[in-house]
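Engineer: Let me begin by handing over the structure; questions about it come next.
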Amino acid sequence: MARYRFHCTNGLECVFDVRGAEIRAAGRLTVRARRVAADVMRSLSDRTDWSDWRVSVHDLSGRRVLVQPFRQPVAERPLAA
């Protein structure tokens with residue numbers, strides 16, 4: 335099991351993960367990144383445009399291991415033509 339930090343940014347603003355999370359399998363990083371993004375969107379609910387936001391996942395040595403874009407909430411996604 336390894337500990338990772340899930341930082342969020344749009345290039346101008348940042349939400350830093352100072353505690354991190356223990357992840358058993360590297361394949362679970364994407365699932366956790368999506369959950370972190372959803373939590374940030376909920377906590378900053380006054381925002382409407384999440385297109386520039388990303389979750390940047392780092393191991394404890396600071397090495398970036400994943401970048402996951404935020405997913406727009408289902409209610410706000412445009413309908414397919």
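Residue 335 is where the sequence shown starts when you use the numbering used here, and the numbers rise one by one after that. Glycine residues also receive a C-beta, built at the ideal position from the N, C-alpha and C atoms. Since we're looking at a predicted model, the values are computed, not measured.
(1) Going by alpha carbons, who is nearest to His341 out of Met335, Leu363, Ala359 and Arg358?
(2) Tell me which same chain residues have a C-beta within less than 8 Å of the C-beta of Pro337, skipping the five on either side of it?
(3) Since Phe340 sits in a beta bridge, which residues does DSSP pair it with?
(4) So what's Val401 in DSSP terms, helix, strand or just coil?
Structural biologist: With the given structure in hand:
(1) Against the sequence shown, residue 341 aligns to sequence position 7. Among Met335, Leu363, Ala359 and Arg358, the Cα nearest to that of His341 is on Leu363.
(2) Translated into the one-based positions of the sequence shown, residue 337 becomes position 3. Here residue 337 is Arg; the residue named in the question, Pro, does not match the sequence. So the list reads Gly354, Ala355, Glu356, Ile357, Asp393 and Leu394, once near-sequence residues are dropped.
(3) Here residue 340 is taken as the residue at index 6 of the sequence shown, counted from 1. Val391.
(4) As a position in the sequence shown, residue 401 is number 67, starting the count at 1. Of the three classes helix, strand and coil, the one that applies to Val401 here is strand, per DSSP.
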